[in-house]
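A quick write-up on the structure given underneath.
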Amino acid sequence: MRMSPFLALLLLGACSGRQTSLDPAAQQSSSLMILFMLMLWVCGLAYLLMLGLLGWSLIGRRNKPGQGYSRLFGLWIGFILLGLTVLVTGSFWIDRGLLAQADEASLHIRVTGHQWWWRIEYRTASGWVETANIVHLPLGRTATVELRSADVIHSFWLPNLAGKVDMLPGRSNRMVITPRRAGLFRGQCAEFCGVQHANMALTVQVEKPAAFGRWLAAEAEPAPSVPGQGHDLFMQTSCAVCHRIRGTQAQGRVGPDLTHIASRPMLAGGAVPLTTASLRGWIIDPQGIKPGTLMPAGDLSPQDAQAVARYLEALR
Ligand code: CUA
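Reminder that position 151 of the sequence shown reads as 131 in this note's numbering, one-by-one numbering, no gaps.
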């Protein structure tokens, strides 16, 4: 039987990509992959054996009833016991491994779920450095990610790198990640958290430790000074009430920190790519891009919105 090229593409395509558990790029996701394969093989074998026995019992009815059954029953029990032992031992060891790595972690990141975006904070020697919707990770170094929620239950899911851990209000959970491959990955909220749950995504960039160090140092700097109409409008209108731009008088904490917004690839929790046009559209009509978003529409004219967009675009 010839497989259609489309089906072949679909099957192959599902095994690699920037948002799939089947293409592990970290130590933790690789361990989980081993556990997945173990479960797949044990349960798949049990399923096939079951079907085989069912077929045999139907076809083999000519045999005298009861003949050979007790031996078969014994074998079946043996298989079940062996399969369950393999699964229990496998999950115990992998679980232990995932927990043990947490102690060696030197990098501490705090991620807080908000409707519908992610507050990302890095602990550094000189305090917390904040960004939003993008997580940079150094290749080969273990990072502990502290997971919290500011409102409802969200779930932090980075399929290529680690499993999925819920973010609960009033509680702090933890995830450990040791990336093994550099690249761009996509994370997604995996717990229904309101109308824009689907547009609650984040970008994960795994890079060499030196590049990561440069990024974190740049991120810790205050925003570049960009005097002009856009800056003035931002500071004088409601923008500054909700957003913080370090180094300016905008110190709002409700929405994402915009200090280096231009260095991020996506806007509005992954809803649209970040461009001047999308920034302007987002400022004028956030509900048009992401219906239900908690960001209110400003009362800026299209020209003023363009000036603010140009200002934000200069915040590298
Ligand atoms: Cu946050 Cu779904």
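Glycine included, each C-beta is placed from N, C-alpha and C at the ideal position.
Predicted model only: the values in this text are computed from it and were never measured.
Please determine, among the options, the residue with the shortest C-alpha to C-alpha distance to residue i.
{"i": "residue 250", "options": "177, 72 and 14", "result": "177"}
{"i": "residue 87", "options": "155, 11, 32 and 31", "result": "155"}
{"i": "residue 7", "options": "75, 69 and 63", "result": "75"}
{"i": "residue 163", "options": "120, 276, 170 and 278", "result": "120"}
{"i": "residue 221", "options": "227, 212 and 231", "result": "231"}
{"i": "residue 107", "options": "89, 256, 280 and 134", "result": "89"}
Please find out if some non-hydrogen atom of the ligand CUA comes closer than 7 Å to the beta-carbon of residue i.
{"i": "residue 137", "result": "no"}
{"i": "residue 180", "result": "yes"}
{"i": "residue 250", "result": "no"}
{"i": "residue 171", "result": "yes"}
{"i": "residue 177", "result": "yes"}
{"i": "residue 317", "result": "Here the chain has residues from -19 to 296 only, and residue 317 is not among them."}
{"i": "residue 93", "result": "yes"}
{"i": "residue 116", "result": "no"}
{"i": "residue 211", "result": "no"}
{"i": "residue 96", "result": "yes"}
{"i": "residue 134", "result": "yes"}
Return the chain-ordered list of same chain residues with a C-beta closer than 7 Å to the C-beta of residue i, the five sequence neighbours on each side being excluded.
{"i": "residue -19", "result": "In this predicted model, residue -19 has a pLDDT of only 42, less than 50, meaning its place in the structure is not dependable; the value taken from the coordinates is given anyway. The answer is none, since no qualifying residue turns up."}
{"i": "residue 275", "result": "235 and 266"}
{"i": "residue 14", "result": "74"}
Suppose the cutoff is 6 Å on Cβ atoms and the five residues either side in sequence are ignored; what does the same chain contact list for residue i look like?
{"i": "residue 139", "result": "-1, 0 and 1"}
{"i": "residue 210", "result": "287, 288, 290 and 291"}
Can you give me the C-alpha to C-alpha distance between residue i and residue j, rounded to a whole angstrom?
{"i": "residue 233", "j": "residue 295", "result": "18 Å"}
{"i": "residue 240", "j": "residue 63", "result": "52 Å"}
{"i": "residue 38", "j": "residue 29", "result": "14 Å"}
{"i": "residue 148", "j": "residue 260", "result": "33 Å"}
{"i": "residue 194", "j": "residue 244", "result": "15 Å"}
{"i": "residue 133", "j": "residue 19", "result": "29 Å"}
{"i": "residue 277", "j": "residue 202", "result": "27 Å"}
{"i": "residue 268", "j": "residue 67", "result": "49 Å"}
{"i": "residue 228", "j": "residue 238", "result": "11 Å"}
Measuring only from the beta carbon, is residue i closer than 7 Å to any heavy atom that is part of the ligand GDP?
{"i": "residue 21", "result": "Looking at this structure, you won't find the ligand GDP anywhere; what it does contain is the ligand CUA."}
Which residues in the same chain have their Cβ closer than 8 Å to the Cβ of residue i, if we skip the five residues on either side of it in sequence?
{"i": "residue 161", "result": "5, 6, 119 and 186"}
{"i": "residue 113", "result": "97, 98, 100, 181, 182, 183, 236, 244, 246, 249 and 250"}
{"i": "residue 218", "result": "276 and 278"}
Are any of the Cβ atoms in chain C nearer than 8 Å to that of residue i?
{"i": "residue 217", "result": "The structure shown contains no chain C; it holds only a single protein chain."}
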